[in-house]
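In this text, residue positions in the sequence shown follow the numbering used here: the first is 1106, and each later residue adds one.
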Amino acid sequence: MRSLIVDDDEMGRMMLATLLEEFGPCDQAENGKEALALLDNAVAASTPYDLICLDIIMPVMDGTETLRQIRERDQQLGDRTKVFMISACNSPQDIENAFFEGDCDDYVVKPFRREAVTQMLSRYKLI
Ligand SMILES: [Mg+2]
1106 MRSLIVDDDE MGRMMLATLL EEFGPCDQAE NGKEALALLD NAVAASTPYD
1156 LICLDIIMPV MDGTETLRQI RERDQQLGDR TKVFMISACN SPQDIENAFF
1206 EGDCDDYVVK PFRREAVTQM LSRYKLI
């Protein structure tokens, strides 16, 4: 499984990377603009990401806009990238917006629990 974590919180990225790296290469970006550049490179190299974990509130380009652009690229490629939004457990409104407006697949809640994350990966047949 190739994954990409997009989060402006370095500690959060590191924690999630520790979990995802067990299952394959895991790249990191600190905002949406960086993420889309990595995404385009990965597609150009024929090594697309199986999973993108996307924070919502970030500088430069936030998660909502990033998700919109990921889905635009998906349409062009005739594919659908799995996208899990990253959420702090105290922001349910962000999650609701991401589902109903942004078309994400699911969400992971900070602080990340190993068992919860691996269960999700397994449920989506990513591992
Ligand atoms: Mg953030």
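C-beta atoms are modelled at their ideal positions from N, C-alpha and C, and glycine is treated no differently.
Requested in this report: Would you mind sorting T1186 into buried or exposed? The rule is 16 or more other CB atoms within 10 Å of its CB.
Outcome: Walking along the sequence shown from the start, residue 1186 turns up at place 81. So T1186 counts as buried.
Query raised in the report: Opposite S1192 in the DSSP bridges: which residues?
Result: Numbered from 1 along the sequence shown, position 87 holds the residue referred to as residue 1192. Note: S1192 sits in a beta bridge opposite V1214.
Report task. For my contact list, E1140 and A1134 are in at a C-beta cut-off of 8 angstroms; report their separation, rounded to the angstrom. Result -> Here residue 1140 refers to the residue found at position 35 of the sequence shown. Here residue 1134 refers to the residue found at position 29 of the sequence shown. Position check: residue 1140 holds Ala in this sequence, whereas Glu was assumed. Rounded, the Cβ-Cβ distance is 4 angstroms, consistent with contact.
Query - Nearest residue (CA-CA) to V1152, options R1107, D1184, M1116 - result: Here residue 1152 refers to the residue found at position 47 when the sequence shown is read from its first residue. This sequence places Thr at residue 1152; Val is not what is there. The shortest Cα separation from T1152 among R1107, D1184, M1116 belongs to R1107.
Query - Under 7 angstroms, CB to nearest heavy atom of ligand 1: contacting residues - result: D1112, D1113, D1114, D1160, I1161, I1162, M1163
Query raised in the report: Considering D1208, what are the terminal residues of the beta strand (DSSP E) in which it resides?
Result: Indexing the sequence shown from 1 puts residue 1208 at position 103. Taken as a continuous stretch (DSSP letters only), D1208 belongs to no beta strand (DSSP E), as it is neither H nor E.
**Report entry** Where S1227 sits in the DSSP three-state scheme
**Finding:** The sequence position of residue 1227 within the sequence shown is 122, counting from 1. S1227 sits in a helix when the DSSP states are folded into three classes.
Requested in this report: Give the single residue among Y1229, M1116, V1111 whose Cα lies nearest to the Cα of T1169.
Outcome: In the sequence shown, the residue the question calls residue 1169 occupies position 64. Selected option, being the one with the closest Cα: V1111.
Report task. For the beta strand (DSSP E) containing V1148, list its first residue and its last residue. Result -> One-based indexing of the sequence shown puts residue 1148 at position 43. It is not in any beta strand (DSSP E) - V1148 instead sits in the alpha helix (DSSP H) that spans 1137 to 1149.
Requested in this report: Measure the C-alpha to C-alpha separation of V1222 and K1215 and round it to an integer number of angstroms.
Outcome: Mapped onto the sequence shown, residue 1222 falls at position 117. Mapped onto the sequence shown, residue 1215 falls at position 110. One C-alpha to the other measures close to 11 angstroms.
Report task. Quick one: measure Cβ to Cβ for G1124 and F1217, integer angstroms, because I've assumed they're closer than 8 angstroms. Result -> Translated into the one-based positions of the sequence shown, residue 1124 becomes position 19. Translated into the one-based positions of the sequence shown, residue 1217 becomes position 112. Residue identity differs from the one stated: residue 1124 is Leu in this sequence, not Gly. Confirmed, Cβ separation roughly 6 angstroms.
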